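In this note's numbering, the protein residues as written are 15 to 282. Heads up, the beta-carbon is just placed ideally off N, CA and C, and yes, glycines get one too. A quick note: this is a predicted structure, and the numbers were derived from the prediction, not measured.
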Amino acid sequence: MADRAAAQVIAQYSTSFSLATKVLAPGVRRDIRNFYAVVRIADEIVDGAAQQAYADPETLLNAYEEQVLQAPNQRFHTDPVLHAWANTYRRCRLNAEHLEAFFASMRADLNPHAFSPAELETYIYGSAEVIGLMCLDIFFPERQTPHPEKLQRGARALGAAFQRINFLRDFGEDQGSLGRAYFGRMLDDDTKHAITTTIHTELDQALETIPLLPRGVRGGVAAAEALFRELTEIAERTPAAQLTQQRISVPQRRKVALTAKAIARTGL
Numbered sequence: 015m016a017d018r019a020a021a022q023v024i025a026q027y028s029t030s031f032s033l034a035t036k037v038l039a040p041g042v043r044r045d046i047r048n049f050y051a052v053v054r055i056a057d058e059i060v061d062g063a064a065q066q067a068y069a070d071p072e073t074l075l076n077a078y079e080e081q082v083l084q085a086p087n088q089r090f091h092t093d094p095v096l097h098a099w100a101n102t103y104r105r106c107r108l109n110a111e112h113l114e115a116f117f118a119s120m121r122a123d124l125n126p127h128a129f130s131p132a133e134l135e136t137y138i139y140g141s142a143e144v145i146g147l148m149c150l151d152i153f154f155p156e157r158q159t160p161h162p163e164k165l166q167r168g169a170r171a172l173g174a175a176f177q178r179i180n181f182l183r184d185f186g187e188d189q190g191s192l193g194r195a196y197f198g199r200m201l202d203d204d205t206k207h208a209i210t211t212t213i214h215t216e217l218d219q220a221l222e223t224i225p226l227l228p229r230g231v232r233g234g235v236a237a238a239e240a241l242f243r244e245l246t247e248i249a250e251r252t253p254a255a256q257l258t259q260q261r262i263s264v265p266q267r268r269k270v271a272l273t274a275k276a277i278a279r280t281g282l
């Protein structure tokens, strides 16, 4: 029941990521979903759900961080998502420092401002690169990894690329509704081009490491990479002024086709 509850979180919030996880090996799929559920809940706290309930988001985020960090020390939780997460944390021996970096980035979102380049890189590390590193720990729970440093660079690059394209996709909402300016207050076509160039470089770096992953993982990671690369290409074709007003997306039929192609390419 706990694993099913966590799976419902990802199904509700991310069609692209949910689709990619469906082609992971069953045990890996379960642990990725359990992990993603707590990440998504933390993100929801800072994105306005707490304020809509007239609660203080910082207080709730701090409390939730404590619950997530302490959950692995207990064998049973009345909260099914925390119960599922605790099982995954113990099974995959995840790193508490990665979690702390993630929550630090979530906390930065509670103080909306225009990020400096250094602040942005720190934010991306905590909000995305450590997510890639924790996924890697789930893929290799016994830590018997070929070329560990290359895999870690690839995992961080993929997480960073996903975050940057999410920034472009959500630019209007982030700035208009939430007051956040990850790339500055204005987005022009030159800035957009520089961002998408960085995204492609990071995706290319990540793509090189997919053959090093376990066979039951490659298709899911390749599918996620393909879906976000497609979203990047849509952003490239969309004028910057339009991106600030309209949220872009990949059509569902195209997502299915890209996923099938990624699976075929990785030999699954």
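In the three-state reduction of the DSSP assignment, A195 falls in the strand class, which pools E and B. In this structure, M120 sits near A56, with a CB-CB distance shorter than 9 Å.
Annotation for F31: I24, Y50 and A238 place their beta carbon closer than 8 Å to its own, counting only its chain and skipping 5 residues before and after. Contact check for G146 against A174 passes: the beta carbons are separated by less than 9 Å. Distance check between R18 and each of A98, E114 and E80 places A98 closest, using alpha-carbon atoms only.
A128 is bridged by DSSP to A195. T211 counts as exposed, since fewer than 16 other beta carbons sit within 10 angstroms of its beta carbon.
In this structure L272 does not touch T223 by the C-beta definition: roughly 19 Å separates them, more than the 8 Å allowed. Residues G230 and V231 of the same chain have their beta carbon placed closer than 7 Å to that of A39, with the five preceding and five following residues left out of the count. Contact between D202 and A254 holds, since their C-beta atoms are separated by about 5 Å, short of 8 Å. Within the segment 210–240, no alpha helix (DSSP H) run of at least 4 residues lies entirely inside it.
Here the alpha carbons of E163 and D218 stand approximately 16 Å from one another. Separation of A77 and Q84 (C-alpha to C-alpha, rounded to the nearest whole angstrom) is 11 Å.
In the DSSP assignment, A142 falls outside any alpha helix (DSSP H), carrying neither H nor E. In this structure, the CA atom of Y103 is about 42 Å from the CA atom of D204. The beta-carbon distance between G190 and T35, rounded to whole angstroms, is 31 Å. This is too long to meet the 8 Å contact definition.
The criterion of a C-beta distance shorter than 9 Å is satisfied by Q177 and I138. With 16 or more neighbouring CB atoms inside 10 Å of its own CB, M148 falls in the buried class.
DSSP, reduced to helix, strand and coil, places F185 within a helical segment of the structure shown. Rounded to whole angstroms, H214 and L182 show a C-alpha spacing of 14 Å. Using a 10 angstroms sphere on the CB of F90, the tally of other CB atoms stays under 16, which defines it as exposed. At the C-beta level, F242 and I179 come within 9 Å of one another. The continuous alpha helix (DSSP H) containing R54 extends over residues P40 to E58. Contact between V270 and E244 does not hold, since their C-beta atoms are separated by about 12 Å, which reaches or exceeds 8 Å. Secondary structure of D70 (DSSP, three-state): coil. Here F117 is near E79, since their CB atoms are less than 9 Å apart.
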